[in-house]
């Protein structure tokens with residue numbers, strides 16, 4: 242046995258690109274832009290499985306998480322610009338295999354819809370390399386969320402995969418975001434999240450594959466960050482269950498082209514119904530969110 | 242099927258405590274202190290498997306990572322105050338099962354040596370809950386490393402496990418640590434890592450189970466942080482392969498009792514020899530590091 246890439250290659254996932262159905266080599270932003278147009282949608286569906294909220298018919302099957310996700314994906318794939326599986330929801334169930342199958346299924350059945358692995362990795366040197374292998378080779382994700390606290394060299398192993406996206410936490414949607422992210426830097430009125438946005442727009446984006454996470458619950462901060470980063474795509478969680486206002490998010494976050502956003506919703510789509518009609522209810526909730534968003538877009542291409 | 246804790250309980254790991262051999266209910270710091278005394282050591286061995294560096298006889302076995310770790314653990318357990326498996330090194334190999342077995346083995350065969358899962362988790366609300374389940378229930382870790390960027394509410398699901406330790410990144414050992422951690426906060430000369438240390442010593446430590454990560458490569462910062470946090474234990478990676486100076490680390494980081502440190506070394510112990518004598522070479526390297534550290538301790542209890 243040799244290095245991890247080789248080990249994984251033996252396991253059937255080529256280290257050069259994600260599973261079948263994707264377009265390795267094409268830049269993440271190219272794929273995202275195509276998906277914004279094709280779906281006429283800025284909606285990103287978060288795949289955060291909670292088995293206790295699954296309908297019994299799904300929960301009692303083998304691989305219930307994969308079966309649930311597959312039904313959600315098939316019901317929504319034409320309405321979304323991305324999927325975002327949240328790693329912890331798989332790890333707590335010892336269900337990494339079902340995460341692998343979910344991403345593989347999206348690539349195979351709905352090739353072209355990018356997958357953002359939401360694992361908020363952050364580590365140094367050779368360890369960050371391992372996390373890049375985990376996200377891009379093992380799981381075949383098109384993009385991954387990362388934490389900026391350890392600085393630029395901790396992001397570089399992800400950023401150097403030019404065809405993949407790297408989504409850096411900037412201003413998160415939770416109340417505790419204030420503890421560090423809002424701290425005033427120096428005496429010029431800049432805050433820590435401004436510095437992160439500036440670094441993301443400059444030093445970290447030399448390959449055009451850096452993006453940011455900005456919570457929907459702080460629309461003013463979203464406008465400030467948009468002003469710093471130009472047309473950079475922003476992943477915006479926090480509408481739906483967390484209460485972010487869709488109209489404000491779109492007004493403050495969109496680019497001149499009426500895109501630039503991946504507005505992520507998880508629970509209010511996945512668990513729109515906990516009955517046997519969960520997939521059609523998820524479709525209806527996604528349609529509704531797409532419509533709410535589109536009502537405030539400057540343009541739709 | 243119901244929630245993840247129940248699912249895991251069915252899998253055999255009780256959610257109330259880690260695997261056999263540990264003392265659930267006892268505070269992490271009590272267990273760590275006992276281990277400092279018993280081993281006369283502040284050495285923490287990082288378990289970062291790199292299969293390409295294993296001797297062939299190990300690499301060709303089934304479960305090579307577990308077999309390698311087991312040999313290292315058996316060769317060093319009386320010489321260490323903790324073990325620290327690094328999550329990415331298992332995830333990149335699709336070897337979560339071998340991580341589970343490694344931690345279970347430490348608890349069973351060398352009960353009393355705490356295990357710190359180095360996964361640098363950081364997420365919000367119900368997702369942070371899932372990560373706490375992952376670390377403490379699924380893997381049975383005694384402590385976990387976490388990232389402070391998302392603020393206090395993102396740490397709370399970990400901190401509320403009173404018998405477990407939570408090790409917050411403060412000043413890391415990599416060059417890029419400067420990008421955010423060294424930023425001046427306000428105009429009073431405080432830096433971001435000072436703020437993290439202050440929060441860790443106050444708001445985040447109401448249950449006495451909060452600790453910090455401080456890189457060995459920045460001994461001056463280590464002294465500053467020690468001055469802020471009193472006797473709080475500090476996990477100090479970066480001696481060995483990363484070049485941190487042991488004497489400076491011990492002088493600047495120890496408490497008046499001559500403890501307060503978990504000095505972590507991985508590669509220079511694990512791969513002290515890549516031949517069949519790797520375990521005895523690891524023991525010799527651990528003994529040597531313990532001795533180097535102990536030469537600079539104020540007291541040994």
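Chains as they are written, first to last, in this note's numbering: chain A, 242 to 542; chain B, 242 to 542.
A virtual CB, placed ideally from N, CA and C, is assigned to each residue, including glycine.
Point to revise | Closer than 9 Å to chain A by CB, residue 264/B | key: Caution applies to residue 264/B, whose pLDDT of 42 falls short of 50 and renders its modelled position unreliable; the value that the coordinates give is listed next. Taking CB atoms only, residue 264/B has no neighbour in chain A less than 9 Å away.
Review point. Cβ atoms of residue 472/B and residue 480/B: under 9 Å apart, would you say?
Key: Residue 480/B is not a Cβ neighbour of residue 472/B, given a cutoff of 9 Å.
Exercise for review: Give me the Cβ distance between residue 407/B and residue 442/B, rounded to the nearest whole Å; I'm assuming they're in contact under 8 Å.
Suggested key: Actually they do not touch by this definition, with Cβ atoms about 13 Å apart.
**Study point:** 9 Å Cβ cutoff met for residue 369/B and residue 337/B
**Key:** Cβ atoms of residue 369/B and residue 337/B: not closer than 9 Å.
Review point. Are the beta-carbon atoms belonging to residue 420/B and residue 440/A less than 9 Å from one another?
Key: It is a contact, given that the beta carbons lie within the stated cut-off.
**Study point:** Euclidean distance between Cα positions of residue 358/A and residue 345/A
**Key:** In a straight line, the C-alpha of residue 358/A is about 12 Å away from that of residue 345/A.
Review point. Does residue 438/A have its Cβ less than 9 Å from a Cβ in chain D?
Key: Here the protein chains are A and B, and chain D is not one of them.
Review point. Since residue 368/B meets chain A, which of its residues come closer than 8 Å, beta carbon to beta carbon?
Key: Under the 8 Å cutoff, chain A gives 289, 327, 329 and 330.
Review point. Cα-Cα, which of 477/A, 393/A and 294/A is closest to residue 547/A?
Key: Here chain A has residues from 242 to 542 only, and residue 547/A is not among them.
Review point. Can residue 311/B and residue 287/B be called in contact, C-beta distance under 9 Å?
Key: 9 Å or more divides the Cβ of residue 311/B from the Cβ of residue 287/B.
**Study point:** Own chain partners of residue 467/B with C-beta closer than 6 Å, once the 5 adjacent residues on each side are dropped
**Key:** Within the same chain, residue 467/B has close Cβ partners 494.
Exercise for review: Sort 356/B, 331/B and 525/B by Cα distance to residue 272/B and report the nearest one.
Suggested key: Residue 272/B has its Cα closest to that of 356/B, out of 356/B, 331/B and 525/B.
Check your understanding: By Cβ distance, which residues of its chain are closer than 8 Å to residue 318/B, with the 5 residues on each side in sequence left out?
Key -> Non-local C-beta neighbours of residue 318/B in its own chain, meaning closer than 8 Å and more than five positions away in sequence, comprise 347, 350, 351 and 354, ordered along the chain.
Practice item. Give a yes or no on whether the minimum CB-CB distance between residue 391/A and chain B is below 9 Å. Key: Output row for residue 391/A: interface = yes.
Review point. Any idea what DSSP makes of residue 414/A, helix, strand or coil?
Key: Note: residue 414/A maps to coil in three-state DSSP.
Practice item. Pull out every residue of the region 411-425 of chain B whose Cβ sits closer than 8 Å to any Cβ of chain A, in chain order. Key: From the region 411-425 of chain B, only 413, 414, 415, 416, 417, 418, 419, 420, 421, 422, 424 and 425 have a Cβ closer than 8 Å to chain A.
Check your understanding: Along the chain, where does the alpha helix (DSSP H) that runs through residue 438/B open and close?
Key -> Its alpha helix (DSSP H) spans residues 433-442.
Exercise for review: Note down, in chain order, each residue of its chain lying with its Cβ closer than 7 Å to the Cβ of residue 514/B, except the 5 sequence neighbours on either side.
Suggested key: Answer for residue 514/B: 522, listed in chain order.
Check your understanding: Going by beta carbon distance, what residues of the same chain come within less than 7 Å of residue 321/B, once the five residues before and after it are set aside?
Key -> In the same chain as residue 321/B, and ignoring 5 residues on each side of it, the C-beta atoms closer than 7 Å to its own belong to 280, 282, 284, 285, 286, 354 and 527, in chain order.
Practice item. Just grab the DSSP bridge partners of residue 386/A for me. Key: In DSSP, residue 386/A forms a bridge with 408/A.
**Study point:** 9 Å Cβ cutoff, residue 536/A in contact with chain B
**Key:** Chain B, which has no Cβ nearer than 9 Å to the Cβ of residue 536/A, makes this no.
Exercise for review: Enumerate in chain order the residues of its own chain whose CB-to-CB distance from residue 296/B is below 7 Å, with the five nearest sequence positions on each side excluded.
Suggested key: Counting only Cβ-Cβ distances below 7 Å, and skipping sequence neighbours, we find 515, 516, 517 and 519.
Point to revise | Where residue 357/A sits in the DSSP three-state scheme | key: If DSSP states are grouped into helix, strand and coil, residue 357/A belongs with the strands.
Review point. Residues in its own chain within less than 7 Å of residue 252/B by CB, not counting five upstream and five downstream?
Key: With a pLDDT of 32 at residue 252/B, under the threshold of 50, the predicted position of this residue should be treated as unreliable, though the coordinate-derived value follows. There are no such residues.
Check your understanding: When DSSP labels each residue in this structure, what does residue 421/A get in the three-state scheme?
Key -> Of the three classes helix, strand and coil, the one that applies to residue 421/A here is helix, per DSSP.
Practice item. Using the Cα positions of residue 361/B and residue 491/B, report the straight-line distance between them to the nearest angstrom. Key: Each residue's Cα considered, the two are about 24 Å apart.
**Study point:** chain A residues whose Cβ lies nearer than 7 Å to that of residue 485/B
**Key:** Within chain A, no residue has its beta carbon less than 7 Å from that of residue 485/B; the closest one is some 13 Å off.
Practice item. Tell me whether residue 539/B is buried or exposed, calling it buried when 16 or more other Cβ atoms sit within 10 Å of its Cβ. Key: By the neighbour-count rule (16 or more Cβ atoms within 10 Å), residue 539/B is not buried but exposed.
Check your understanding: Does the separation of the CB atoms of residue 363/B and residue 390/A fall below 9 Å?
Key -> Contact flag set, yes.
Exercise for review: Please look up how many angstroms separate the CB atoms of residue 376/B and residue 382/B, rounded, as I've assumed it's under 8 Å.
Suggested key: Indeed they touch by this definition, with Cβ atoms about 5 Å apart.
Check your understanding: Ordered along the chain, which non-local residues of its own chain (more than five positions away) have a Cβ less than 7 Å from that of residue 380/B?
Key -> By the criterion of a C-beta distance shorter than 7 Å, residue 380/B is surrounded in its chain by 340, 341, 344 and 358, once the five residues flanking it on both sides are discounted.
Check your understanding: Between residue 510/B and residue 415/A, is the Cβ-Cβ spacing less than 9 Å?
Key -> Contact: no.
Exercise for review: Would you mind listing the beta strand (DSSP E) stretches within the region 311-366 of chain A that are 3+ residues and don't spill past its ends, in chain order?
Suggested key: Within the region 311-366 of chain A, the complete beta strand (DSSP E) runs of at least 3 residues are 323-326 and 357-362.
Review point. Between residue 365/A and chain B, is there a C-beta pair that is closer than 9 Å?
Key: The beta carbon of residue 365/A sits closer than 9 Å to some beta carbon of chain B.
Practice item. Give a yes or no on whether the C-beta atoms belonging to residue 333/B and residue 371/A are separated by under 9 Å. Key: Going by C-beta atoms, residue 333/B is nearer than 9 Å to residue 371/A.
**Study point:** Whole-angstrom C-beta distance between residue 433/B and residue 423/B, which should lie under 8 Å
**Key:** Between residue 423/B and residue 433/B a beta carbon distance of about 7 Å is seen, short of the 8 Å cut, so the two are scored as contacting.
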